[in-house]
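J.: One structure is given below, represented as structure tokens, and several questions about it will come after.
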Ligand code: ADP
Ligand code: MG
């Protein structure tokens, strides 16, 4: 069911609390290294401003622990500065979330004004979903908008208890959340066939729910990344020193049985003698990794095989890098999959923290139908889960 969006209420003259996900990576020397999530919120922010609203922006950043020295790194100062550059209007950053400075800045807001509150996770009440904290936060604004897709799987105060404080007619989702939900809905309910899922990344255990939920809907599941070796081990093959989840072999067997012919494993592997820079590497064909070696990427034949399946697909959904792409020698598999998706006529959707990062870094983001801003939220959606943060937003 479609959710109420910012098109459904008149924001004119209202102070709108927009929960955004500005949880962006930043460098130690004070730069936002990837501003994709900030840019992704701009359509919503501009729409509200153009319709006469003032904005109170709420986000978390990182995982503050309560230690003031280390937490200083997680201030939203840099994010607010970057937003100001991107949006081309003045942005007031305050140094607390619900204290006097925040109250005073929010109460003097006029239409067109923008306040960025301090990292919402600096407040213990956020993670706990504390109703008293939620009331303080909600008290700053007249309406609530959720445009934080990357946080929708969390039940934190600013995602659930805060919107509950507003009348139903003053709660909505923003354009980013709307777009992510529409794409996921099409993927899960009405995909163009053949439907191909490409799954890789670190662990099978992170992806069991996704694989189980997707299997009935897909024609091919192309496996890469470290999870390959847990599957190979479960089939009785040699895996050398590759990363294997020894306690998940039963699960891997179960998934292999369930998937049958749909599940495709690599036919060759790029292996190395160690994880050290400059370690000796080679390509091995077949399904056995030699003793003393570890698999760090899919091999070239696998890249061609997977590429051909991707190019013949109607829909491709990709989560999980094909190898240890952070290191230069082991990124070809991931690049080849991205290339194949970019040149495929299929609807192509990419999601997951590292996968989106890789696609962005290697320059393919604009060539995909959609790159999700959600890591955990994207995966949990693919598992078929529904979110409390969206239940509290009325249907249209
Ligand atoms: P996502 O965040 O996109 O869901 P994951 O978190 O599941 O992806 O996995 C990403 C990580 O998996 C990357 O850091 C990558 O280095 C690692 N990885 C992929 N293949 C291998 C491999 N063969 N050996 C070790 N690590 C791997
Ligand atoms: Mg990850």
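In my numbering, the protein residues as written are 1187 to 1582.
Heads up, the beta-carbon is just placed ideally off N, CA and C, and yes, glycines get one too.
1. Got a sec? Which residues, its chain only, sit under 6 Å from residue 1218 by beta carbon, not counting five neighbours each side?
2. So for residue 1541, helix, strand or coil by DSSP?
3. Going by the DSSP bridge assignment, what does residue 1279 pair with across the sheet?
4. Kindly identify the DSSP beta-bridge partner or partners of residue 1205.
5. On the CB-based measure, 16 or more other CB atoms within 10 Å of its CB, does residue 1349 come out buried or exposed?
6. Please confirm whether residue 1418 and residue 1449 have their CB atoms less than 7 Å apart.
7. With a cut-off of 8 Å, do at least 3 Cβ pairs link the segment 1408 to 1427 to the segment 1496 to 1507?
8. Quick check: residue 1573 and residue 1338, are their CB atoms within less than 7 Å of each other?
9. Would you please state the rounded distance, in angstroms, between the beta carbons of residue 1384 and residue 1405? I believe it to be under 8 Å.
10. Tell me whether the beta-carbon of residue 1452 lies closer than 7 Å to the beta-carbon of residue 1484.
11. Between the C-alpha atoms of residue 1300 and residue 1378, what's the straight-line distance to the nearest angstrom?
12. Buried or exposed: residue 1468, going by 16 or more other Cβ atoms within 10 Å of its Cβ?
13. Given residue 1283, which residues of its chain have a CB within under 6 Å of its CB, disregarding the five upstream and five downstream residues?
14. Which value, in whole angstroms, describes the spacing of the CA atoms of residue 1208 and residue 1559?
15. Taking three-plus beta-carbon pairs below 8 Å as touching, is the segment 1188 to 1195 in contact with the segment 1314 to 1323?
16. Starting from residue 1366 and walking both ways along the alpha helix (DSSP H), at which residues does that stretch end?
17. Which residues have their C-beta within less than 7 Å of a heavy atom of the ligand MG, listed in chain order?
18. Does the beta-carbon of residue 1436 have 16 or more other beta-carbons within 10 angstroms, so that it is buried, or is it exposed?
19. Out of curiosity, what's the CA-to-CA distance linking residue 1357 and residue 1228?
20. Relative to the C-alpha of residue 1188, which candidate in 1200, 1368 and 1262 has its C-alpha closest?
21. Can you list, in chain order, the residues of its chain whose CB lies under 7 Å from that of residue 1260, leaving out five sequence neighbours each side?
22. Might you give, ordered along the chain, the residues of its own chain that have their beta carbon closer than 8 Å to the beta carbon of residue 1476, omitting 5 neighbours on each side?
T.: Concretely, from the data shown:
1. To locate residue 1218, count along the chain shown from 1; it is residue 32. Here the set comprises 1210, 1212, 1264 and 1268.
2. Here residue 1541 corresponds to residue number 355 of the chain shown, with the count starting at 1. DSSP places residue 1541 in helix when its eight states are reduced to three.
3. Position 93 of the chain shown, counting from 1, holds the residue named residue 1279. Paired residues: 1302.
4. To locate residue 1205, count along the chain shown from 1; it is residue 19. Bridge partners of residue 1205: 1244 and 1332.
5. Here residue 1349 is taken as the residue at index 163 of the chain shown, counted from 1. That one is buried.
6. Indexing the chain shown from 1 puts residue 1418 at position 232. Indexing the chain shown from 1 puts residue 1449 at position 263. Cβ atoms of residue 1418 and residue 1449: not closer than 7 Å.
7. Short answer: they touch.
8. If you number the chain shown from 1, residue 1573 lands on position 387. If you number the chain shown from 1, residue 1338 lands on position 152. Yes, these two residues count as a Cβ contact at 7 Å.
9. Here the question's residue 1384 lines up with position 198 in the chain shown. Here the question's residue 1405 lines up with position 219 in the chain shown. Not confirmed; about 12 Å, so no contact.
10. Position 266 of the chain shown, counted from the first residue, corresponds to residue 1452. Position 298 of the chain shown, counted from the first residue, corresponds to residue 1484. Contact flag set, yes.
11. Here residue 1300 is taken as the residue at index 114 of the chain shown, counted from 1. Here residue 1378 is taken as the residue at index 192 of the chain shown, counted from 1. If you take the alpha carbons of residue 1300 and residue 1378, they lie about 41 Å apart.
12. Your numbering for residue 1468 matches position 282 in the chain shown. A residue is called buried once 16 or more other Cβ atoms fall within 10 Å of its Cβ, and residue 1468, having fewer, is exposed.
13. The sequence position of residue 1283 within the chain shown is 97, counting from 1. Counting only Cβ-Cβ distances below 6 Å, and skipping sequence neighbours, we find 1303, 1304, 1306 and 1309.
14. The sequence position of residue 1208 within the chain shown is 22, counting from 1. The sequence position of residue 1559 within the chain shown is 373, counting from 1. A direct Cα-to-Cα measurement between residue 1208 and residue 1559 gives close to 10 Å.
15. Cβ pair count under 8 Å is below three, so no.
16. One-based indexing of the chain shown puts residue 1366 at position 180. Residue range 1361 to 1375 is occupied by the alpha helix (DSSP H) that includes residue 1366.
17. Those residues, listed in chain order, are 1387, 1388, 1538, 1539, 1540 and 1561.
18. Along the chain shown, one-based indexing puts residue 1436 at 250. Counting other Cβ atoms within 10 Å of its Cβ, residue 1436 stays below 16 and is therefore classed as exposed.
19. Indexing the chain shown from 1 puts residue 1357 at position 171. Indexing the chain shown from 1 puts residue 1228 at position 42. Answer to the nearest angstrom: the Cα atoms are 19 Å apart.
20. Here residue 1188 refers to the residue found at position 2 when the chain shown is read from its first residue. A check of alpha carbon separations from residue 1188 across 1200, 1368 and 1262 identifies 1368 as the nearest.
21. As a working mapping, residue 1260 is identified with position 74 in the chain shown. Excluding the 5 residues flanking it on each side, residue 1260 has same chain C-beta neighbours closer than 7 Å at 1247, 1248, 1250 and 1305, in chain order.
22. Here residue 1476 corresponds to residue number 290 of the chain shown, with the count starting at 1. The beta carbon of residue 1476 lies closer than 8 Å to those of 1424, 1426, 1457 and 1470 in the same chain, with the five residues before and after it left out.
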